[in-house]
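Residue numbers (full-length UniProt numbering): 1 to 302.
The beta-carbon is built from N, C-alpha and C at its ideal position, and this holds for glycine as well.
Just so we're clear, the structure is a prediction, and the values are computed from it rather than from any experiment.
Data first, discussion second: the structure below is written as structure tokens.
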């Protein structure tokens, strides 16, 4: 099925204007929604909008929006007042600057759209995409639609362009807000960690190899319900043995992936043998501690 464009706009920078069509790049297929039902009869549940002070139901046309400027104190806005503050749609993405693609942290990425050339835009579209690709840069600009103004990034992908909405700075929390302690990393630990990364590295990302197991289980359960079958719950997998030592955890991971070789395996076995000794010692101490007072008591009895 051919994709359908949702809008037309113009990408403009300087005196250059590129007419493009806008397509949504993502779709929410995985989401499974449930309706709320009355358990007794199975009918849909309805909610009434209630006035908190008068405790009476109110109609939709009696509702206005308000902003809480202090505790339980609001200023009200009529729909026409809110409409007057909205951004006027420009039907264009106005480019402000060009920056290296790697300079933008993906944490700022929001919704994505595909751009395709509109009538008369094939040549400048192809030129713009190639120039961005070879310069390894992306375009940053403004886009106003549906009463809002957005920061957008236009970047090349394969033979086309993607327009990515970006979050504003005040919408992204700083990682400096987290209390992350500075911890020393030993060279041997770093080397093993890098070996583990190398053993699981790929040159490309293939999203098709990742499945939404939860959605599949829910869909299967829904189908069973529809067909009148009994639903059985799967048992939780048993957890693996906990490895406290960081070096042993890295070695064990490498051995599991087959990236450690014979030498690390021997070291791991030796370390595991050494690690068992303290456990025996602790057990011996636990056995000896309560027994000592009994022997002394027995001597006094004699």
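Where does residue 266 land, buried or exposed, given buried means 16+ other C-beta within 10 angstroms? Numbered from 1 along the chain shown, position 266 holds the residue referred to as residue 266. Note that residue 266 has pLDDT 44, beneath the 50 cutoff, so the model's placement of it is unreliable and the number below is only indicative. It is exposed - the Cβ of residue 266 has fewer than 16 other Cβ atoms within 10 Å.
Do three or more CB pairs link the stretch 11-31 to the stretch 124-131 at distances below 8 Å? yes
What residue range is occupied by the uninterrupted beta strand (DSSP E) comprising residue 34? In the chain shown, the residue the question calls residue 34 occupies position 34. Premise fails: residue 34 is in no beta strand (DSSP E) and is neither H nor E.
Can you tell me where the beta strand (DSSP E) holding residue 109 begins and where it ends? Indexing the chain shown from 1 puts residue 109 at position 109. Run containing residue 109: 109-117, per the beta strand (DSSP E) assignment.
Alpha carbon to alpha carbon, how far is residue 250 from residue 214? Stepping through the chain shown from its first residue, residue 250 is reached at position 250. Stepping through the chain shown from its first residue, residue 214 is reached at position 214. Rounded to whole angstroms, residue 250 to residue 214 spans 29 Å at the Cα level.
What is the residue span of the beta strand (DSSP E) that residue 67 lies within? Locating residue 67 in the chain shown gives position 67, where the first residue counts as 1. Counting along the chain, the beta strand (DSSP E) containing residue 67 begins and ends at 65-70.
Do you know whose CA, among 93, 107, 186, 2, lies nearest residue 170's CA? The residue you call residue 170 lines up with position 170 of the chain shown. Of 93, 107, 186, 2, the residue nearest in Cα terms is 107.
Rounded distance between the beta-carbons of residue 99 and residue 138, thought under 8 Å: Here residue 138 corresponds to residue number 138 of the chain shown, with the count starting at 1. Here residue 99 corresponds to residue number 99 of the chain shown, with the count starting at 1. The Cβ separation is near 6 Å, so the contact holds.
So is residue 37 buried or exposed if we call it buried at 16+ other beta carbons inside 10 Å? On the chain shown, position 37 is the one that residue 37 refers to. Exposed, by the Cβ-count rule.
Measuring only from the beta carbon, is residue 19 closer than 8 Å to any heavy atom that is part of the ligand HEM? The model on display carries no ligand, and the ligand HEM is accordingly not part of it.
With a threshold of 6 Å on Cβ separation, who are the neighbours of residue 115 within its own chain once the five nearest residues in sequence on each side are excluded? As a working mapping, residue 115 is identified with position 115 in the chain shown. Excluding sequence neighbours, residue 115 sits near 20, 161, 163.
Contacts around residue 17, its chain only, beta-carbon distance under 6 Å, and the 5 residues preceding and following it disregarded: Here residue 17 corresponds to residue number 17 of the chain shown, with the count starting at 1. Cβ neighbours of residue 17 beyond the five flanking positions: 10.
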